[in-house]
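Visitor:
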């Protein structure tokens, strides 16, 4: 049987995962909330003119 506690102690994260994690966190991509806020702001600007 697999000794999960021992396997967890031996676990070392892959360098590629750490690099991917950094790239994901540093990437400033708009999510749907940002897009909706921008659209609402544009609508409000048009209505106030």
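In this note's numbering, the protein residues as written are 3 to 51.
By construction, the Cβ of each residue, glycine as well, lies at the ideal position given by its N, Cα and C atoms.
1) If you draw a straight line from the alpha carbon of residue 33 to that of residue 41, how long is it in whole angstroms?
2) The alpha helix (DSSP H) with residue 3 in it runs from where to where?
3) What's the gap between the Cα of residue 65 and the Cα of residue 44?
Guide: Inspection of the coordinates gives the following:
1) 13 Å
2) Run containing residue 3: none; DSSP gives neither H nor E here.
3) Summary: the structure shown does not reach residue 65, with the chain confined to residues 3 through 51, and so no result is reported for it.
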